[in-house]
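So the structure is just underneath, and the comments pick up after that.
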Amino acid sequence: MAKIRPLSPALQEKAIKELFEVPERIEQDLETFRQWITKSKHIKGRTDDQFLIAFLRGCKYSMEKAKQKYDLFYTLKTHIPELCKNRDPADEKVLATIRQGVGVLLPNTDTPDGPRYLLIRPGAYDPTKFTITDVMKTAMMSIEAHMQHDDNYLIGGVIGILDFTHVTVNHFMQFTPGFIKKVSMLQQDAAPIRQKGSHFVKMPAIALTVFNIFKSFTNEKNRQRIYVHGDDMEELFKVIPKKLLPEEYGGDAGPLKDIIAENEKVIMSYRDYFLEDEQYGVDEKKRIGKAQNPESLFGIDGLKKKVIKMLDIRPLNEELQEVARTQLNENPEEIEENMRKFKEMITKSSHLRARINDQFLIAFLRASKYDLDKALRHLDIFYTLRAKIPDLIKDRAPTNHTLRQIIKLGFGIPLPNTLSAGGSRYLLIRPGAVDATKYTLRDVIKVCTLINDIQINCDDNWIISGQVEVIDLANVTRHHLMQLEPILIKRMTLLFQEAYPVKSIGFHYINTPFGFESIFSVFLSCMNEENRSRVFMHGSDMESLYKVVPRRLMPADYGGSAATIKEIINDWEEKIFSYRQYFEEEEEQFGVDESKRSPDAFNPNTIFNVDEAEGEIDYSISPCVSLTRGLVILSYKREKNKLPR
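Numbering (numbering that gives the first Met the number 0), first residue to last: 0 to 644.
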């Protein structure tokens with residue numbers, strides 16, 4: 000009788016229906032499999048029943064596929080010793096890596112025969128103490144332990160949840176294309192696991208290269224099961240029940256530390272397996288036919304050529320794809336060719352020293368609806384303005400003490416959730432959060448540009464569906480308004496309205512001061528129709544705001560369901576610091592050289608003058624300009640006449 004663990008009724012039914020398991024034939028199938036292994040002189044591998052049935056079930060009882068997978072399993076173990084040897088779970092380094100909890104199987108399934116959920120947190124380990132090789136070695140240990148220990152994992156399959164919170168450049172510096180291919184082959188091709196889906200959340204721009212390389216090694220079936228949810232956890236919860244997640248994610252599965260400890264316990268219970276596993280592998284000299292080697296298995300030379308051709312662009316979720324297609328004229332099949340032409344145009348613009356990485360440039364293509372000439376003009380304006388207004392763009396190191404303090408105050412913070420997967424990004428602006436007697440508006444604007452620069456690279460909702468601004472004027476004082484110099488207003492407006500590849504589709508003012516509406520109405524009449532239709536006044540009536548801005552999107556401090564302002568600020572502070580190198584490069588390497596601008600080339604200087612006198616400034620250019628002028632007048636009136644707030 001076969002020595003295998005009995006299945007629950009639900010899993011047994013699934014094994015019969017989906018894996019074509021015939022309980023009465025299991026013993027015979029195992030014996031046939033075992034006899035083949037014995038005859039395969041080049042393979043020295045395990046032959047116990049519980050181990051072998053994993054391959055039969057993983058291959059839906061196709062004996063030939065099971066043989067191929069079993070052979071590859073031990074072939075890769077031999078040729079990738081850095082991931083498959085020296086795996087004693089009691090070893091100090093191995094155990095410490097396991098305890099980082101980078102990849103943990105969650106304890107519950109949605110149904111008795113449902114798949115197991117695997118939470119992967121690449122940012123959970125310290126890249127200065129551990130390597131990605133250390134992490135992936137223990138990941139393979141977890142796979143091998145659970146494929147023998149967990150029937151839901153083996154029969155129901157596994158769904159991955161990849162949370163990129165806290166991931167930094169240092170994590171991704173450890174990846175190479177060759178290493179990625181080895182890991183992909185081990186987990187997808189060799190392990191007898193049914194991969195039912197992969198859900199990516201909070202994936203930063205720096206992850207794109209690694210993501211695209213991994214995706215290129217994924218077979219078509221698994222590629223169709225990749226879902227990207229951006230920063231919106233609510234979108235994830237629509238497809239993965241929140242109750243299955245750890246407490247830290249708002250779920251009912253218990254604290255992460257307990258889940259990590261349970262995973263450690265399972266791996267440790269297989270210590271004898273891992274110690275014995277050192278003796279197993281393949282002997283290529285005894286293989287009938289062509290022997291395998293790293294070149295034949297991993298094809299690194301061909302791999303490099305393939306990677307060069309790939310675009311480093313984050314995949315869009317289905318809703319954003321539809322918005323990009325219908326509103327921005329994006330055709331996925333034409334992106335690569337459009338990108339090639341755009342880069343050629345940039346190269347020919349000798350005065351322009353621009354970034355040419357794909358994710359950055361596609362923001363300008365999308366903002367220009369794939370009109371290449373408009374995209375180049377927009378990019379030119381972006382860099383020309385930066386050269387014209389260094390007081391708002393230069394010296395933006397996040398390590399600067401003043402800027403760091405402003406970041407912590409949260410003047411302008413993008414809110415984490417959107418109304419839908421393809422919805423606009425909401426930006427909460429709180430001028431009163433910054434002490435105007437300590438900090439200048441110029442430094443505040445610098446911090447805003449840091450955030451916007453990051454959004455160009457990592458926020459698809461912001462680029463594709465636009466931005467809705469909620470401006471909270473609570474605690475705004477005369478000191479704030481005194482900093483609103485006319486020329487600064489013009490520069491600020493040009494920078495945020497003309498330079499960045501984003502459209503503002505709504506302005507909602509709350510907690511407006513006494514007399515604000517009547518004064519603002521005068522300036523409202525001077526605005527163009529487009530901007531006028533996008534301005535909404537809510538006074539101190541939050542219920543009025545919630546009729547157009549869903550309460551759940553607002554921070555908890557405003558009665559909403561999102562994180563607290565402090566938590567949102569902390570996330571952005573971390574994100575800004577992870578882009579330190581990016582900002583250094585931006586200042587040192589990119590910009591314009593007007594001496595090299597061709598006389599025939601488009602010249603942004605002809606359409607704006609950031610140094611023009613106050614009397615020449617058109618205050619109807621933006622709601623923000625009109626608003627600030629009105630508030631200045633109101634502030635002086637209040638001060639002079641002692642008006643109540």
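Just so you know, even glycine gets a beta-carbon here, dropped at the ideal spot from N, CA and C.
Asked, Found
"Under three-state DSSP, which class holds I225?", "strand"
"Curious, which full-length alpha helix (DSSP H) runs of at least 4 residues does the segment 53-123 contain?", "62-78, 80-83, 91-97"
"If you draw a straight line from the alpha carbon of L18 to that of A89, how long is it in whole angstroms?", "35 Å"
"Taking the alpha carbon of F381 as the point to measure from, which residue in A353, R365, D48 has its own alpha carbon closest?", "A353"
"With DSSP as the reference, label I504 as helix, strand or coil.", "strand"
"Within the same chain, show all residues whose beta-carbon is closer than 8 Å to that of D112, passing over the 5 residues directly before and after it, in chain order.", "S7, A9, L10, E12, K13, N151, I154, G155"
"For M267, which residues of its own chain have a beta-carbon under 6 Å away from its beta-carbon, when the five flanking residues on both sides are left out?", "P88"
"For I131, which residues of its own chain have a beta-carbon under 8 Å away from its beta-carbon, when the five flanking residues on both sides are left out?", "H170, Q173, F174, F178"
"What are the start and end residues of the beta strand (DSSP E) that includes P413?", "411-413"
"Jot down the residue ranges of each uninterrupted alpha helix (DSSP H) in the segment 510-597, minimum 4 residues, whole runs only, in chain order.", "515-523, 528-531, 541-545, 564-577, 579-588"
"Measuring alpha carbon to alpha carbon, tell me which residue in M338, L161, K368 is nearest D357.", "M338"
"Helix, strand or coil: how does DSSP classify S348 here?", "coil"
"For the beta strand (DSSP E) that E468 lies in, which residues bound it at each end?", "466-471"
"Going by DSSP, name the residue or residues bridged to Y152.", "Its beta-bridge partners do not exist; DSSP assigns none."
"What does the alpha-carbon distance come out to for the pair P389 and F297?", "49 Å"
"Going along the chain, which residues of its own chain have a beta-carbon closer than 7 Å to the beta-carbon of A1, five neighbours each way excluded?", "I25, E26, L29, D48"
"Using a 10 Å radius around the Cβ and a threshold of 16 neighbouring Cβ atoms, would you call S503 buried or exposed?", "buried"
"Give a yes or no on contact between the segment 396-404 and the segment 572-582, applying the rule of three or more CB pairs nearer than 8 Å.", "yes"
"Taking just the CA atoms, how far does K66 sit from E572?", "51 Å"
"In chain order, what residues of the same chain lie with their CB nearer than 6 Å to the CB of K136, ignoring the 5 residues before and after it?", "L82"
"Leaving out the 5 sequence neighbours to the left and right, which residues in its chain are closer than 7 Å to V443 when beta-carbon positions are compared?", "I405, F410, V433"
"Would the beta-carbon of Y438 fall within 8 Å of that of V467?", "no"
"Starting from Y425, trace the alpha helix (DSSP H) in both directions and tell me its first and last residue.", "No alpha helix (DSSP H) holds Y425; the beta strand (DSSP E) holding it covers 424-428."
"Is the Cβ-Cβ distance between E261 and P106 less than 8 Å?", "yes"
"Is it buried or exposed for C623, if we count other Cβ within 10 angstroms and need 16 for buried?", "Note that C623 scores a pLDDT of 47, beneath 50, so its modelled location is shaky and nothing firm can be said."
"Going by DSSP in three states, F19 sits in which element: helix, strand or coil?", "coil"
"Evaluate the contact criterion for the segment 90-99 versus the segment 207-216: three or more CB pairs, one atom per stretch, below 8 Å.", "no"
"Look at A561 and I462 and say whether their C-beta atoms are less than 8 Å apart.", "no"
"May I ask you to report which of helix, strand or coil DSSP gives H198?", "strand"
"Indicate the three-state DSSP secondary structure (helix, strand or coil) for G280 in the structure shown.", "strand"
"Just confirm the distance between the C-beta atoms of A362 and P500, as a whole number of angstroms; I'd bet it's less than 8 Å.", "5 Å"
"Tell me which residue opens and which closes the beta strand (DSSP E) that V157 is part of.", "157-162"
"Let me know the secondary structure DSSP gives I192 once reduced to three states.", "coil"
"For E611, which residues of its own chain have a beta-carbon under 6 Å away from its beta-carbon, when the five flanking residues on both sides are left out?", "Below a pLDDT of 50, predicted positions are generally treated as unreliable, and E611, at 49, falls in that range; the measurement from the model is reported next regardless. So the list is empty, once near-sequence residues are dropped."
"Does the contact criterion of 3 or more C-beta pairs under 8 Å hold for the segment 229-238 versus the segment 477-496?", "no"
"Would the beta-carbon of I470 be found less than 7 Å away from any heavy atom of the ligand GTP?", "Absence of the ligand GTP from the depicted structure is noted, as is the absence of any ligand whatsoever, leaving it without description."
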